[in-house]
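Sequential numbering of the sequence shown, starting at -11, is according to our numbering.
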Amino acid sequence: QVQLVESGGGLVQPGGSLGLSCAASGSGYNIYTMGWYRQAPGKQRELVARITSAGNTNYADSVQGRFTISRDNAKNTVYLQMSSLKPEDTAVYYCNTFPVPRLTWGQGTQVTVSS
């Protein structure tokens, strides 16, 4: 059973940058399309970016041009580089498979964008 551990969140000022990591333990991870999701207080969890096993990427309109998703299959890790952060990016960020989140959700990592 693959387990997911997200890290790298924190408090950042508007316009700042953060890099998130999602490490997957176990086996079988590399064949999946992986996504970064986020959930803001009082809102549903939403997909912000996804990457196929071959490295093809897709982004939500709200983060296009500001976020970059990548993966290192040798390290079983997915990354999300975030720049030009806005207060509305504040949320708990999670990774999981796409389109169906097949794996047990990790604890996520909190990103807070505030001055």
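Built from N, CA and C at the ideal position, the CB exists for glycine as well.
Anticipated Cβ contact below 8 angstroms, residue i with residue j, distance rounded
| i | j | result |
| --- | --- | --- |
| V80 | Q27 | 5 angstroms |
| Y82 | Y25 | 5 angstroms |
Through-space distance from residue j to residue i, alpha-carbon basis
| i | j | result |
| --- | --- | --- |
| N18 | K63 | 10 angstroms |
| V51 | V36 | 7 angstroms |
| G14 | T65 | 12 angstroms |
| A11 | R90 | 15 angstroms |
| Y20 | T85 | 6 angstroms |
| K74 | G23 | 20 angstroms |
CB contact flag (residue i, residue j, <9 angstroms)
| i | j | result |
| --- | --- | --- |
| V99 | L8 | yes |
| S72 | R59 | no |
| Q(-11) | S103 | no |
Looking at C-beta atoms only, is the number of pairs between the segment -11 to 5 and the segment 37 to 44 that lie closer than 8 angstroms three or more? no
Minimum length 4: unbroken alpha helix (DSSP H) runs contained in the segment 49 to 82: none
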